């Protein structure tokens, strides 16, 4: 009984923080989603499902919606490819410098999204545009999303890299040796040994990366503010604008609530997809 109580006491601080910072505001937001509150007034009126019905009639949400999908698709693919490549590079080429190389690749994770955005905003404007003889990529409607994805991947690839590296370390070398004896080349070893045994890592990394890009906010807001011309405006920025720019807190909370439900469903589906393909040693 005492041991069980000790376990709960260790979990209690984290749960209290989660409840205070996430759970309570989320529940309060659900209530606001059914009102016409402007975010400032002391009183408001309940409007039923009006805010939710307005979402499906609002043409302005289409661009943020498709921008968010583009962020999620490009960011998830590029982010996981880069993270896996770095993990394999450290695991094979830099094995003697394992700790140093891990630290070097992980350093960008220590920078905040806002600081990283301003740093890359400066690089795009002062160096990269001159180097390639192009205009500022963040000011180009066609290239702005890929440019922001580069910022996000540089900032966050280190976390997934460590997860993939841990998965690679758990794969027995005997499996590679046996496959080599059977005549498998490097590509066949990667597709038939490495990838199947990395499915638990893929389950975590893809889910985290996908949900992170679907709720993309800080980096984009700091780098472009959703511009140029709304070309990088995401659903999260759209919610932010409704709350603090247009003073439509009720409508913004309705969008946020529906979007949160979508994130939960997508996260569960992706996690389930990869878990069904996990291979036990």
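In UniProt numbering, the protein residues as written are 1 to 281. All C-beta atoms in this analysis are idealised placements derived from N, C-alpha and C, irrespective of residue type, glycine included. Keep in mind that this is a model prediction, so the values were computed, not measured.
Straight-line Cα distance separating residue j from residue i
{"i": "residue 152", "j": "residue 104", "result": "17 Å"}
{"i": "residue 258", "j": "residue 17", "result": "24 Å"}
{"i": "residue 142", "j": "residue 108", "result": "26 Å"}
{"i": "residue 148", "j": "residue 138", "result": "8 Å"}
{"i": "residue 123", "j": "residue 86", "result": "23 Å"}
{"i": "residue 150", "j": "residue 238", "result": "22 Å"}
{"i": "residue 169", "j": "residue 260", "result": "35 Å"}
{"i": "residue 233", "j": "residue 72", "result": "13 Å"}
{"i": "residue 92", "j": "residue 271", "result": "28 Å"}
{"i": "residue 66", "j": "residue 235", "result": "9 Å"}
{"i": "residue 210", "j": "residue 59", "result": "25 Å"}
{"i": "residue 55", "j": "residue 99", "result": "50 Å"}
{"i": "residue 119", "j": "residue 131", "result": "17 Å"}
{"i": "residue 7", "j": "residue 15", "result": "12 Å"}
{"i": "residue 247", "j": "residue 225", "result": "18 Å"}
{"i": "residue 155", "j": "residue 84", "result": "15 Å"}
{"i": "residue 30", "j": "residue 251", "result": "11 Å"}
{"i": "residue 52", "j": "residue 62", "result": "15 Å"}
{"i": "residue 192", "j": "residue 184", "result": "9 Å"}
{"i": "residue 240", "j": "residue 175", "result": "51 Å"}
{"i": "residue 349", "j": "residue 3", "result": "With the chain running from 1 to 281 in the structure shown, residue 349 is simply not present."}
{"i": "residue 146", "j": "residue 268", "result": "26 Å"}
{"i": "residue 221", "j": "residue 278", "result": "37 Å"}
{"i": "residue 102", "j": "residue 90", "result": "7 Å"}
{"i": "residue 190", "j": "residue 88", "result": "10 Å"}
{"i": "residue 127", "j": "residue 200", "result": "40 Å"}
{"i": "residue 74", "j": "residue 194", "result": "23 Å"}
{"i": "residue 21", "j": "residue 13", "result": "12 Å"}
{"i": "residue 79", "j": "residue 276", "result": "22 Å"}
Residues that residue i bridges to, as DSSP identifies them
{"i": "residue 35", "result": "46"}
Assumed close pair residue i, residue j - CB separation to whole angstroms, cut-off 8 Å
{"i": "residue 82", "j": "residue 157", "result": "5 Å"}
{"i": "residue 160", "j": "residue 205", "result": "4 Å"}
{"i": "residue 197", "j": "residue 163", "result": "So it is not a contact: roughly 14 Å between Cβ atoms."}
{"i": "residue 38", "j": "residue 223", "result": "The pair is not a contact, with the Cβ atoms about 29 Å apart (cut-off 8 Å)."}
{"i": "residue 144", "j": "residue 64", "result": "Residue 144 to residue 64, Cβ: 14 Å. No contact."}
{"i": "residue 68", "j": "residue 214", "result": "6 Å"}
{"i": "residue 203", "j": "residue 274", "result": "4 Å"}
{"i": "residue 129", "j": "residue 135", "result": "6 Å"}
Any non-hydrogen atom of the ligand SAM closer than 8 Å to residue i Cβ
{"i": "residue 278", "result": "Of ligands this structure carries none, so the ligand SAM is not represented either."}
Any C-beta of chain B under 9 Å from that of residue i
{"i": "residue 261", "result": "The structure shown contains no chain B; it holds only a single protein chain."}
**Study point:** Three-pair Cβ contact test at 8 Å for the segment 27-36 versus the segment 45-53
**Key:** yes
Check your understanding: Curious, which full-length alpha helix (DSSP H) runs of at least 4 residues does the segment 173-207 contain?
Key -> The alpha helix (DSSP H) runs lying completely inside the segment 173-207 and spanning 4 residues or more are 173-181 and 186-189, given in chain order.
Review point. Should the segment 175-183 be regarded as contacting the segment 246-256, the criterion being three or more beta carbon pairs within less than 8 Å?
Key: no
Check your understanding: What runs of the alpha helix (DSSP H), each 4 residues or longer, lie entirely inside the segment 43-87?
Key -> 50-57
Point to revise | Whole alpha helix (DSSP H) elements within the segment 208-236, 4-residue minimum | key: 218-223
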